[in-house]
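Participant: Numbering-wise, the sequence shown is residues 66 to 310 according to my numbering.
The structure follows.
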Amino acid sequence: MYSAGAIINTCLGLREKNMLQNFRISSTLIAATVAALGSTAARADLEGSADIQSTRLVGGSYRYLISIHNTGSTNIGTFWFAWTPDFDFLVSPPTNIVSPSGWIGYALHGPTGYSIEWNASLARGQPIEDTEGFGFDSADSPDVLRTLVHRYYQVSTSFFYIDAPFADPGFEFVAAVHDLCMSDLNADFLVDDSDFVVFANSYDLLDCADPSMPSGCPSDINLDGFVDDSDFVLFAQAYDALLCP
Numbered sequence: 066m067y068s069a070g071a072i073i074n075t076c077l078g079l080r081e082k083n084m085l086q087n088f089r090i091s092s093t094l095i096a097a098t099v100a101a102l103g104s105t106a107a108r109a110d111l112e113g114s115a116d117i118q119s120t121r122l123v124g125g126s127y128r129y130l131i132s133i134h135n136t137g138s139t140n141i142g143t144f145w146f147a148w149t150p151d152f153d154f155l156v157s158p159p160t161n162i163v164s165p166s167g168w169i170g171y172a173l174h175g176p177t178g179y180s181i182e183w184n185a186s187l188a189r190g191q192p193i194e195d196t197e198g199f200g201f202d203s204a205d206s207p208d209v210l211r212t213l214v215h216r217y218y219q220v221s222t223s224f225f226y227i228d229a230p231f232a233d234p235g236f237e238f239v240a241a242v243h244d245l246c247m248s249d250l251n252a253d254f255l256v257d258d259s260d261f262v263v264f265a266n267s268y269d270l271l272d273c274a275d276p277s278m279p280s281g282c283p284s285d286i287n288l289d290g291f292v293d294d295s296d297f298v299l300f301a302q303a304y305d306a307l308l309c310p
């Protein structure tokens, strides 16, 4: 037989034990929540976008120039174009990959396609500003880069990381693909006097079927098979603007 005092002390002991266990569980949940919120906050600080300009190359392929825009409060250490952790989106292998100063880029090939990974090679992380000079050549047209694949991903879907890939949650975004700069005839993303020389020579030849016409007839801006006055009107507008859109 237990005394009333012993029973009361036992009950109080069990109550204190349960309270301690509940406190430990609550503390664990709070710590996990704080860690999750911290991770979310770090990810929210990493934000940005990218713009893609394009021009035609002789032979029917395309040259792309990419500018990235850091709109967050962190550095950017990795720019992985046409990629998510599950997919590589480019249909054709990218060539002639170029990088801004302090960055290095290379093509990757996975089961679903190709992508390009650029890493800040000198000082880890890009300062909070716009950065130009990422580029590549491809057989994929701008329309292909705008295509939806794997149900809902655009081909130009990309990732930023603060540091190395997978070192942080990253930031997924869709790079904006601008219209083809048809009047840029020498693929330097400007419409200037050097393009005018190419256009004038093609204008004199007129017919895209002429054997002397440059391959692909790039001066046929409206794609009607001739380089004539209607093309000149379009070229003159781009020439006045100078910069590709």
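Even glycine gets a Cβ: it sits at the ideal position worked out from N, Cα and C.
1. Give me the Cα-Cα distance between Leu270 and Asp296, rounded to the nearest whole angstrom.
2. Taking DSSP as the reference, what is the three-state secondary structure of Asn161?
3. Report the partner residues of Asp272 according to the DSSP bridge assignment.
4. In this structure, does DSSP put Leu210 in helix, strand or coil?
5. Is Leu250 helix, strand or coil when you go by DSSP?
6. Any idea what DSSP makes of Val242, helix, strand or coil?
7. Please classify Tyr304: does DSSP put it in a helix, a strand, or coil?
8. For Pro159, is the classification buried or exposed, using 16 other Cβ atoms within 10 angstroms of its Cβ as the cut-off for buried?
9. Would Ile162 and Ala147 be called neighbours here (beta carbons separated by less than 8 Å)?
10. Quickly, what does DSSP pair Ala115 with across the bridge? List them, please.
11. What number of angstroms, rounded off, separates the C-alpha of Leu255 from the C-alpha of Met247?
12. Applying the criterion that 16 or more other CB atoms from any shown protein chain within 10 Å of the CB defines a buried residue, is Met135 buried or exposed?
13. For Gly124, tell me which candidate among Cys282, Ala303 and Gly178 has the shortest Cα-Cα distance.
14. Count the C-beta pairs between the segment 232 to 241 and the segment 214 to 222 that are closer than 8 Å, then say yes if the count reaches three, no if not.
15. List the endpoints of the continuous beta strand (DSSP E) containing Glu182.
16. Excluding the 5 residues preceding and the 5 following Ile286 in the sequence, name in chain order all residues of the same chain whose CB lies nearer than 7 Å to its CB.
17. So what does DSSP say about Ser259, is it helix, strand or coil?
Facilitator: Let's see:
1. 13 Å
2. strand
3. Phe291
4. helix
5. coil
6. strand
7. helix
8. buried
9. no
10. Ile133
11. 11 Å
12. The amino acid occupying residue 135 in the given sequence is Asn; Met does not appear at that position. Buried, because 16 or more other Cβ atoms sit within 10 Å of the Cβ of Asn135.
13. Cys282
14. yes
15. Gly178 to Ala185
16. Met247, Ser248, Asp296, Leu299 and Phe300
17. helix
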